[in-house]
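Remarks on the structure that follows.
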Amino acid sequence: MRTISKPVKLTVGLAAAALALAGCGAGSTSAGSGGGDKAGAEALVKKASGDVSWTAPGDPIDISKFKGKTIWVITSDYSVPFIQTVVANMKEAAQVAGLKLQVFDGKGVTQTAANGIQQAVGAHAAAIEVLSVNTQFVAEAVKNANQAKIPVIGLLNTDPSQPVEKGADAEVTIDYALSGKELVAYAVANTEGPVNGFFLTLPSIATFDAMKKGIQDGFKEFCSSKCKLNIADLTEGNFKNETQSNTASALLRYPDTNWVFPAIDAMAQFAIPSITTAGKKGKVQLGSINAFEANLKFITQGNVQAVDVGNSNSWLGWAAVDRALRAMSGAKPDVVTVPVRLFDKDNLQGVDISDESQLFPGVDFRTNYKKLWGLS
Amino acid sequence: METTNDTSNAGQHITEEPAPISPTGALVTERAEDVSGGSQHSWIHWLNKYALVLVLVGLAVAYSIALPDTFPTIANLRNITATQSVLIIMSLGLTFPLVAGEFDFSFGPMVAFASSFTAVLTVNHHVPLVPAALIVIVACLVIGLVNSFFIVYIGISSLITTLGMGTLILGLTLAISNSAVIAGPPDFLVSATTNSFLKLPYPVYLSIALAAVVWFVYSHTAFGRYLYFSGEGPKAARLSGLPVDRLKTYAFLILALMCAIAGIVNFGRLGSADPNIGTSFLLPGTAAVFLGATAIVPGRFNAWGTVLAVYLLVTGVTGLQLLGGAGYLENIFNGAALVLAVTFAHLVRRGRAVE
Numbered sequence: 001m002r003t004i005s006k007p008v009k010l011t012v013g014l015a016a017a018a019l020a021l022a023g024c025g026a027g028s029t030s031a032g033s034g035g036g037d038k039a040g041a042e043a044l045v046k047k048a049s050g051d052v053s054w055t056a057p058g059d060p061i062d063i064s065k066f067k068g069k070t071i072w073v074i075t076s077d078y079s080v081p082f083i084q085t086v087v088a089n090m091k092e093a094a095q096v097a098g099l100k101l102q103v104f105d106g107k108g109v110t111q112t113a114a115n116g117i118q119q120a121v122g123a124h125a126a127a128i129e130v131l132s133v134n135t136q137f138v139a140e141a142v143k144n145a146n147q148a149k150i151p152v153i154g155l156l157n158t159d160p161s162q163p164v165e166k167g168a169d170a171e172v173t174i175d176y177a178l179s180g181k182e183l184v185a186y187a188v189a190n191t192e193g194p195v196n197g198f199f200l201t202l203p204s205i206a207t208f209d210a211m212k213k214g215i216q217d218g219f220k221e222f223c224s225s226k227c228k229l230n231i232a233d234l235t236e237g238n239f240k241n242e243t244q245s246n247t248a249s250a251l252l253r254y255p256d257t258n259w260v261f262p263a264i265d266a267m268a269q270f271a272i273p274s275i276t277t278a279g280k281k282g283k284v285q286l287g288s289i290n291a292f293e294a295n296l297k298f299i300t301q302g303n304v305q306a307v308d309v310g311n312s313n314s315w316l317g318w319a320a321v322d323r324a325l326r327a328m329s330g331a332k333p334d335v336v337t338v339p340v341r342l343f344d345k346d347n348l349q350g351v352d353i354s355d356e357s358q359l360f361p362g363v364d365f366r367t368n369y370k371k372l373w374g375l376s
Numbered sequence: 377m378e379t380t381n382d383t384s385n386a387g388q389h390i391t392e393e394p395a396p397i398s399p400t401g402a403l404v405t406e407r408a409e410d411v412s413g414g415s416q417h418s419w420i421h422w423l424n425k426y427a428l429v430l431v432l433v434g435l436a437v438a439y440s441i442a443l444p445d446t447f448p449t450i451a452n453l454r455n456i457t458a459t460q461s462v463l464i465i466m467s468l469g470l471t472f473p474l475v476a477g478e479f480d481f482s483f484g485p486m487v488a489f490a491s492s493f494t495a496v497l498t499v500n501h502h503v504p505l506v507p508a509a510l511i512v513i514v515a516c517l518v519i520g521l522v523n524s525f526f527i528v529y530i531g532i533s534s535l536i537t538t539l540g541m542g543t544l545i546l547g548l549t550l551a552i553s554n555s556a557v558i559a560g561p562p563d564f565l566v567s568a569t570t571n572s573f574l575k576l577p578y579p580v581y582l583s584i585a586l587a588a589v590v591w592f593v594y595s596h597t598a599f600g601r602y603l604y605f606s607g608e609g610p611k612a613a614r615l616s617g618l619p620v621d622r623l624k625t626y627a628f629l630i631l632a633l634m635c636a637i638a639g640i641v642n643f644g645r646l647g648s649a650d651p652n653i654g655t656s657f658l659l660p661g662t663a664a665v666f667l668g669a670t671a672i673v674p675g676r677f678n679a680w681g682t683v684l685a686v687y688l689l690v691t692g693v694t695g696l697q698l699l700g701g702a703g704y705l706e707n708i709f710n711g712a713a714l715v716l717a718v719t720f721a722h723l724v725r726r727g728r729a730v731e
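Residue numbers (our numbering), protein chains in the order written: chain D, 1 to 376; chain U, 377 to 731.
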């Protein structure tokens, strides 16, 4: 009788281990409470879909002493369109303030971003802004900047509910938790019966923890106890494939799902075909955050996506420069937010979705910042 | 094909199928073993050939028992097949350079390029779909020609060349799309890629039809046999008078054509074109062709093995997801399946060699 060879045993063992490991993770399920608060959801949606308003980030400051100085911005990946928009507006704001802006592209690699911070320290930058690069991932480089007494400002790295990152002097971001809550409010306000949601998230990104909490809070606050929420944790490096397959599987596993919430617009475009292929178009709606042009187009075309929550990236660019100036002036660490707005087919009607000034009308943030800087 | 004019001797060599080649490049003396082996060898040979089929059937049965309400359903069949059409088309294309003895890392970015270029032409510049598709196909063929120029005529390693070209194509894609996701494909493209026949979307049938064509080319045409022969023994093929360089060029061109088709289909199916999607195809595409090379014609890159591998991987992942697994298991399953399948094939071959 032949015995199984060692290599074959090892192979089988590895297979079993891989499958066991694969079976470890599972999405969690939670629900709403009581009878729900549809009126509250409708009120939040009404407020969120209206025009955003201006809140001054602080007192006016004297920026004359900073004229000619250079701010560095280290981007996670400059090829990403919204990052280009933020940086373009940082350049515009810096020019108005009499500053120079040096851009360093991290090209999606943390080590490269760390090298950028080191270069900025070597070049005696007046301030360093890290855009979508958490300071904990570039801790040593940030430590060097701290030792050189160069202010470090995180951009879109935290939620307002979270503390300023270690080594950072300030944060400029959006309210991720509120964004998540507004998506749920919209779903509750626009659904007959319970909302059965499926949330796809990237747990490796800290701000999405806040968004997840916002979604869970939204369910608890607005949704009845009949509502259900299932959550899938995806991996950052493979989220495009995983979004498609997980959405398709979730629609089979939880057939009463009527809302899908991909954490970001870049995931939404891969969830939509899975919903369509499953024959659920018209039965399942989708909401995500960012308000990218492509996703707003899905809304106007009635292509599964019904709602999007996003911010003005131009405003974010100006807010980033304002915060750098304040940090250079010795302001205490703080988290500053740029407001978000909820978009659906109603408030997008007749709007040129490629024009940010039409998406966020009513606030002349450029003039307001100039006033704070004593320039007008 | 003009190759039959090149030599009369070559025809004699290639009328018999050449010995298969392993994914690592080692020749496998399959035919000699078939002749000398007894019934045990035949059984092992059969098992080696259809192990992947058995695993797929086993998985399907196991999942159907565990998930009687969700797995053995038409909806799940549609889910499993519909999401993989694009991957199958590009993977079938990838087999051509591999059969010819070369590799290509630029196939993922090329699909993304085709998708974004179609979007730019049809959405941003309002070019009608048919001329836009033709322009995209020609552009991809030019990329294929550039690849083959450096690899075949200059003699640069295909790994290095296509790695560089993949990066170049990504840059080009970001430039033409302004790094943006472009939504809103023409209605006809949406209908052609999302409408169904017998509950399955059209691209499923397209991918299977293309697999049949690729199978026919490899198994029943002189070109297919020349290509295997050129890949397995380029020196011998040259001595036999085969136009090896031209065959390799054709292989890169066919891959480029398949990438163009995959990209156009992907734009319609997704409803948007993401310029950065290319990298997400690299592992699944590579896993599919290498895993496929362990089945049907073991040791050889082949059409039906590739299709089988794609469906095996997606079936495994889908079942685990339906059982409640986490998102990362797609990586775990794909990676583990590839390594284990190739290991299994290697062990079976080594066992036969020892006997």
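From the three backbone atoms N, C-alpha and C, an ideal C-beta is built for every residue, glycine too.
U/I450: first and last residue of the uninterrupted alpha helix (DSSP H) it sits in:
450 to 458 is the span of the alpha helix (DSSP H), which, as asked, contains U/I450.
Roughly how many whole angstroms lie between the Cα atoms of U/E393 and U/G600?
With a pLDDT of only 41 at U/E393, under 50, the local geometry of the prediction cannot be trusted, and no value is derived from it.
One question on the structure: do U/T570 and D/T276 come within less than 8 Å of each other, judged by their Cβ atoms?
A contact, by the Cβ cut-off of 8 Å.
Here's a check: name, in chain order, each residue in its chain whose Cβ is nearer than 7 Å to the Cβ of D/V121, leaving out the five neighbours to either side.
Excluding sequence neighbours, D/V121 sits near N144, A145, A148, I150.
Tell me, please, whether the CB atom of D/F219 is closer than 8 Å to any CB atom in chain U?
Judged by the 8 Å Cβ criterion, D/F219 is not in contact with chain U.
Could you check whether the Cβ of U/A577 sits closer than 8 Å to any Cβ belonging to chain D?
The amino acid at residue 577 of chain U is misidentified as Ala; the sequence shows Pro. U/P577 counts as touching chain D.
For chain D, is any of its Cβ atoms less than 8 Å away from the one on U/T694?
With 8 Å as the cut-off, U/T694 counts as an interface residue toward chain D.
Given a limit of 7 Å on CB to CB distance, which residues of the region 143 to 159 of chain D reach chain U?
Listed in sequence order: no entries.
Straight-line CA distance for U/G681 to D/K181?
Straight-line Cα distance between these residues: approximately 47 Å.
Let me make sure I understand the geometry here. Which of U/A588, U/Y626, U/L586 has the alpha-carbon closest to that of U/Y604?
Closest in C-alpha terms to U/Y604, from the list U/A588, U/Y626, U/L586, comes U/Y626.
Compare the C-beta of U/S555 against all C-beta atoms of chain D and say whether one is closer than 8 Å.
Answer yes: the Cβ-Cβ gap between U/S555 and chain D drops below 8 Å somewhere.
For the alpha helix (DSSP H) containing U/P473, list its first residue and its last residue.
Membership of U/P473 in the alpha helix (DSSP H) is indicated by the continuous run 461 to 475.
Exposed or buried, which one is D/D62 when buried takes at least 16 other CB atoms within 10 Å?
Flag for D/D62 reads exposed.
Could you tell me the alpha carbon to alpha carbon distance between U/A712 and D/Q301, rounded to whole angstroms?
One alpha carbon belongs to U/A712, the other to D/Q301, and they sit about 41 Å apart.
Let me know the alpha helix (DSSP H) ranges lying completely inside the region 38 to 85 of chain D, each 4 residues or longer, listed in chain order.
Those alpha helix (DSSP H) runs which fall completely within the region 38 to 85 of chain D and span 4+ residues are 38 to 49.
Which ranges does the alpha helix (DSSP H) cover as unbroken runs of at least 4 residues, wholly within the region 198 to 226 of chain D, from first to last along the chain?
You should have 206 to 222.
Quick check on U/L574: does DSSP put it in helix, strand or coil?
Under the three-state reduction of DSSP, U/L574 is assigned to coil, being neither helix nor strand.
Chain-ordered neighbours of D/Q269 on chain U, where CB pairs are closer than 8 Å
Simply V557, A559, L646, G647, S648, D650.
The region 361 to 373 of chain D / the region 285 to 302 of chain D touching (three or more Cβ pairs under 8 Å):
Below 8 Å, too few C-beta pairs join the region 361 to 373 of chain D and the region 285 to 302 of chain D to call them touching: fewer than three.
Short-range partners of chain U found in the region 294 to 313 of chain D, where Cβ spacing is below 8 Å
Of all residues in the region 294 to 313 of chain D, A294, N295, K297, F298, Q301, N303 have a Cβ within less than 8 Å of some Cβ in chain U.
Which residues in the same chain have their Cβ closer than 8 Å to the Cβ of U/K425, if we skip the five residues on either side of it in sequence?
Answer for U/K425: A671, I672, V673, P674, listed in chain order.
Look up D/E171 in the DSSP assignment and give the residues it is bridged to.
DSSP lists D/G154, D/V335 as partners of D/E171.
Using the rule of at least 16 other Cβ atoms within 10 Å of the residue's Cβ for burial, across every protein chain shown, is D/A113 buried or exposed?
Its Cβ being crowded by 16 or more others within 10 Å, D/A113 is buried.
U/K624, buried or exposed, once every other Cβ within 10 Å from all chains shown has been counted against 16
Flag for U/K624 reads buried.
Using a Cβ cut-off of 8 Å, which residues of the region 68 to 87 of chain D contact any Cβ in chain U, in chain order?
With the criterion set as a beta carbon lying under 8 Å from some beta carbon of chain U, the members of the region 68 to 87 of chain D are S79, V80, P81, Q84, in sequence order.
Following the continuous alpha helix (DSSP H) through D/R341, name the residue where it begins and the one where it ends.
No alpha helix (DSSP H) holds D/R341; the beta strand (DSSP E) holding it covers 340 to 343.
Going by beta carbon distance, what residues of the same chain come within less than 8 Å of U/V690, once the five residues before and after it are set aside?
Closer than 8 Å at Cβ, skipping near neighbours: I456, T459, Q460.
Would you say D/L286 and D/A271 are within 8 Å of each other, going by their C-beta atoms?
Result yes, Cβ atoms of D/L286 and D/A271 sit closer than 8 Å.
CB contact flag (U/L468, U/L586, <8 Å):
In terms of Cβ geometry, U/L468 and U/L586 form a close pair [threshold 8 Å].
Run through DSSP, which three-state label would D/L101 get?
DSSP places D/L101 in strand when its eight states are reduced to three.
Chain U beta carbons: is any one of them nearer than 8 Å to that of D/S132?
By this cut-off, D/S132 is not an interface position.
For U/L714, three-class secondary structure by DSSP
Reduced to three states, the DSSP call for U/L714 is helix.
Considering only the beta carbon of each residue, do D/S312 and D/F360 sit closer than 8 Å?
The answer is yes: Cβ separation under 8 Å.
Run through DSSP, which three-state label would U/P610 get?
U/P610 falls in the helix class under three-state DSSP.
If we call anything under 8 Å between Cβ atoms a contact, is D/F239 one with D/I215?
Taking a C-beta distance under 8 Å as the contact criterion, D/F239 and D/I215 do not qualify as a contact pair.
Can you tell me whether U/S440 is helix, strand or coil according to DSSP?
Per DSSP, reduced to three states, the secondary structure at U/S440 is helical.
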